[in-house]
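Q: Those letters in the sequence shown? Residues 891 to 1078, by my numbering. Where is the CB? At the ideal position from N, CA and C, for every residue including glycine.
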Amino acid sequence: IINSAGIYTNNRTTKLTDKEAYAMIDINLTGVLNTFEAVRDMMFKNNRGHIAIVSSVAGLLDYPKASVYARTKMTIMGVCETYRSFFRDYNINITTIVPGYIATDKLKSLSEEDITKKPTVLSEEESTNIIIKAIEEKKENISIIIGKRINHFSDLKKNKNIGNDKLKKIIEELYLSTVAYRKILKTY
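1. Please go through the same chain and pick out, in chain order, the residues whose beta-carbon is closer than 6 Å to the beta-carbon of Ile-892, but skip the five residues on each side of it.
2. Roughly how many angstroms separate the alpha carbons of Thr-985 and Thr-1006, rounded to a whole number?
3. If you draw a straight line from the alpha carbon of Lys-905 to that of Asn-981, how long is it in whole angstroms?
4. If I follow the unbroken beta strand (DSSP E) through Gly-968, where does it start and stop?
5. Could you spell out where the alpha helix (DSSP H) holding Ile-1020 opens and where it closes?
6. Quick check on Thr-1077: does DSSP put it in helix, strand or coil?
7. Quick one: what's got a C-beta closer than 6 Å to Gly-921's C-beta in the same chain, skipping five residues either side?
8. By the 10 Å Cβ neighbour count, where 16 or more other Cβ atoms means buried, how is Ala-960 classified, buried or exposed?
9. Along the chain, where does the beta strand (DSSP E) that runs through Thr-1010 open and close?
10. Between which two residues does the alpha helix (DSSP H) harbouring Val-929 extend?
11. By the DSSP assignment, the alpha helix (DSSP H) with Ala-913 in it spans what residues?
12. Restricting to Cα atoms, I'd like to know which of Thr-962, Leu-997, Ser-946, Cys-970 is closest to Gly-990.
13. For Val-947, which residues does DSSP report across the bridge?
14. From Thr-962 to Lys-935, what does the alpha carbon distance come to, in whole angstroms?
15. For Ile-992, which option in Ser-1033, Tyr-973, Asp-916, Val-929 has the closest C-alpha, if you only look at C-alpha atoms?
16. Quick one: what's got a C-beta closer than 6 Å to Arg-974's C-beta in the same chain, skipping five residues either side?
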């Protein structure tokens, strides 16, 4: 079973309404708990199973005034670790998926259709292939944040006409992606 349910609002904690905050907690966090509980007895009885839970790179990064979204996604990673340690005795695998930016319609609408400014954007197809492979290999944790931006950076070396400002921005994004990726490697 794969739990990929989640909602996000572009407001930070100081602007969120109670309704928005509770909705994020209910869907993002309570939905994950409900997933584990809904399949637990069946998987215990069969002594096998696999659960994949989608979190977010937002849960790994320290954002000033982090949104409730980021905190729910951080909590999901801890919840997965807790269930993993208990479910392991019943031959049940849990894969925690930690995606970065994926070129979805939602990301495009939040970015006013311009996702080129986002670091490490992967297509839905690329992300799906990475997730499928991780589940097939029964990985415990998979992060999907390093992608096209690095390839784009490599292509820039060949382009002699790029401006210094654009090159500086891409180098900064690559650095931030690398810092985030290193944090993930230390966490997992």
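A: Once the coordinates are examined:
1. By one-based count along the sequence shown, residue 892 stands at place 2. Taken in chain order, the residues that qualify are Ala-942.
2. Taking the first residue of the sequence shown as position 1, residue 985 is located at position 95. Taking the first residue of the sequence shown as position 1, residue 1006 is located at position 116. Spanning the two alpha carbons is a distance of roughly 29 Å.
3. On the sequence shown, position 15 is the one that residue 905 refers to. On the sequence shown, position 91 is the one that residue 981 refers to. Going from the Cα of Lys-905 to the Cα of Asn-981 covers about 44 Å.
4. Locating residue 968 in the sequence shown gives position 78, where the first residue counts as 1. Unbroken run through Gly-968 is the alpha helix (DSSP H), 958–977; no beta strand (DSSP E).
5. Position 130 of the sequence shown, counting from 1, holds the residue named residue 1020. Note, Ile-1020: alpha helix (DSSP H), 1014–1026.
6. Numbered from 1 along the sequence shown, position 187 holds the residue referred to as residue 1077. Any reading at Thr-1077 needs caution, since the residue's pLDDT is 46, under 50, leaving its predicted position unreliable; the model's value is listed next. In this structure, Thr-1077 counts as helix in the three-state DSSP scheme.
7. Here residue 921 corresponds to residue number 31 of the sequence shown, with the count starting at 1. The residues are Ala-895.
8. Residue mapping note: residue 960 aligns to position 70 of the sequence shown, counting from 1. Ala-960 is buried by the Cβ-count criterion.
9. Start at 1 with the first residue of the sequence shown, and residue 1010 comes out as number 120. Premise fails: Thr-1010 is in no beta strand (DSSP E) and is neither H nor E.
10. As a position in the sequence shown, residue 929 is number 39, starting the count at 1. Segment 921–936, the alpha helix (DSSP H) holding Val-929.
11. On the sequence shown, residue 913 is found 23 positions in, with the first residue counted as 1. Element bounds for Ala-913: 908–914.
12. The residue labelled residue 990 in the question sits at position 100 within the sequence shown. Of Thr-962, Leu-997, Ser-946, Cys-970, the residue nearest in Cα terms is Ser-946.
13. In the sequence shown, the residue the question calls residue 947 occupies position 57. Paired residues: none, contrary to the question.
14. Within the sequence shown, the letter at position 72 stands for residue 962. Within the sequence shown, the letter at position 45 stands for residue 935. Each residue's alpha carbon lies about 30 Å from the other.
15. To locate residue 992, count along the sequence shown from 1; it is residue 102. For the residues Ser-1033, Tyr-973, Asp-916, Val-929, the minimum Cα distance to Ile-992 belongs to Ser-1033.
16. To locate residue 974, count along the sequence shown from 1; it is residue 84. Only Ile-984 meet the Cβ criterion.
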